[in-house]
Each structure stands twice: as C-alpha cells, then as structure tokens.
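S.K.: This is the structure I want to talk about, given as structure tokens.
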Amino acid sequence: GYDVLTDDDLDMLPVLALGSEISVMGLLKIKTDILRQEKRNPEKKINLNAGIEFDLGEGFNLRTGGIWDTLNNNTYWTLGLGWAGPRLSAGYAYKNNVNISKEITHLFQLWLSF
Numbered sequence: 529g530y531d532v533l534t535d536d537d538l539d540m541l542p543v544l545a546l547g548s549e550i551s552v553m554g555l556l557k558i559k560t561d562i563l564r565q566e567k568r569n570p571e572k573k574i575n576l577n578a579g580i581e582f583d584l585g586e587g588f589n590l591r592t593g594g595i596w597d598t599l600n601n602n603t604y605w606t607l608g609l610g611w612a613g614p615r616l617s618a619g620y621a622y623k624n625n626v627n628i629s630k631e632i633t634h635l636f637q638l639w640l641s642f
C-alpha cells in the first residue's frame, strides 16, 4: 500500500496494491499490479496496471504496457526506456491517455544509489 497515513483534507488517498512479476528465461518480465483506492471510492473499483519489460543488455530495459483506471474511466498506453548502472540509474517514460486526445505525459527519472 501507499499513502496509508491519511489526513483530514484527503490530500493523500490511501491505496492498497498487489503486484506480481514473472521472469521469462531472463529475457523479459511480465508485470501486473491491482490497485484499489480506499477513500473517495464508494463502489470499491479496482484499477489494473500490466506490462512487459524486455532486457536489452548492458543494463538497458524497454518497457510497454497499459493502465486501466476504472475509478476515473481512463485507459493509458505506456512506453519506457531505462538504464541501471552500478550507482546511477536513469529512465524515461511516455504515457498516453487513449480516451482524451493529446493528453500525454513524459517522465524523466534519475536514481543515485549509495
């Protein structure tokens, strides 16, 4: 779960999540997450995230998948590229809402491990 400590004005909404990852011969990973927002969700709707990650070698990964947000009636297609080094990692992700034209998100991330 995340945002499990709620506040009075509900800026943080607690979410329960269950995830799985299956590795296929070390070449690709199949990932799924089932999520349920605990507040402001009277019908207890569940969201599904699913994707595939391909190992490109030399620390690079290519990811693609989808997000089916039944709570907000949105569907997303995602694509990403990541690199993991010994101490520094980087990633780029693209998310497209297939229900709303031109609602696109670009995300860049850097991680430093020490």
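Each residue of the sequence shown is one higher than the last, beginning at 529 in our numbering.
Cβ atoms here follow ideal geometry from the backbone N, Cα and C, with glycine treated the same way.
Keep in mind that this is a model prediction, so the values were computed, not measured.
In or out: Asn575 buried (at least 16 other Cβ within 10 Å) or exposed?
M.R.: Counting from one through the sequence shown, the residue named residue 575 turns up at place 47. Asn575 comes out buried.
S.K.: Taking the DSSP output, what are the residues bridged to Asp583?
M.R.: By 1-based counting over the sequence shown, the position of residue 583 is 55. In the DSSP output, where bridge partners are listed per residue, Asp583 has Asn589.
S.K.: In whole angstroms, what is the alpha-carbon distance linking Leu538 and Tyr604?
M.R.: Numbered from its first residue, the sequence shown carries residue 538 at position 10. Numbered from its first residue, the sequence shown carries residue 604 at position 76. Their Cα atoms are separated by approximately 25 Å.
S.K.: Can you name, in chain order, every residue of its own chain whose Cβ lies under 6 Å from the Cβ of Ser617, other than the five neighbours on each side?
M.R.: One-based indexing of the sequence shown puts residue 617 at position 89. Within the same chain, Ser617 has close Cβ partners Trp639.
S.K.: Excluding five sequence neighbours on each side, which residues of the same chain lie with their C-beta closer than 8 Å to the C-beta of Leu556?
M.R.: As a position in the sequence shown, residue 556 is number 28, starting the count at 1. Within the same chain, Leu556 has close Cβ partners Ile580, Glu581, Phe582 and Asp583.
S.K.: Given a threshold of 16 other Cβ atoms within 10 Å of its Cβ, counted over all protein chains shown, does Ile628 qualify as buried or as exposed?
M.R.: As a first step, residue 628 must be located in the sequence shown, where it is residue number 100. That one is exposed.
S.K.: Name the residue from Ala612, Gly594, Pro542 and Asn600 whose alpha carbon lies nearest to the alpha carbon of Ser641.
M.R.: Stepping through the sequence shown from its first residue, residue 641 is reached at position 113. If we check each option's Cα against that of Ser641, Ala612 comes out closest.
S.K.: Under the three-state reduction of DSSP, which class applies to Lys623: helix, strand or coil?
M.R.: As a position in the sequence shown, residue 623 is number 95, starting the count at 1. Of the three classes helix, strand and coil, the one that applies to Lys623 here is strand, per DSSP.
S.K.: Exposed or buried, Leu635, counting other C-beta atoms within 10 Å across all chains shown (16 or more means buried)?
M.R.: For the purposes of this step, residue 635 is identified with residue 107 of the sequence shown, where counting begins at 1. By the neighbour-count rule (16 or more Cβ atoms within 10 Å), Leu635 is not buried but exposed.
S.K.: To the nearest angstrom, how far is it from the Cα of Val626 to the Cα of Ala578?
M.R.: Here residue 626 refers to the residue found at position 98 when the sequence shown is read from its first residue. Here residue 578 refers to the residue found at position 50 when the sequence shown is read from its first residue. Looking at the two C-alpha atoms, the distance is approximately 15 Å.
S.K.: Nearest to Val543 by CA position, among Tyr620, Thr606 and Leu533, is which residue?
M.R.: Your numbering for residue 543 matches position 15 in the sequence shown. Of the listed residues, the one whose Cα sits closest to Val543 is Leu533.
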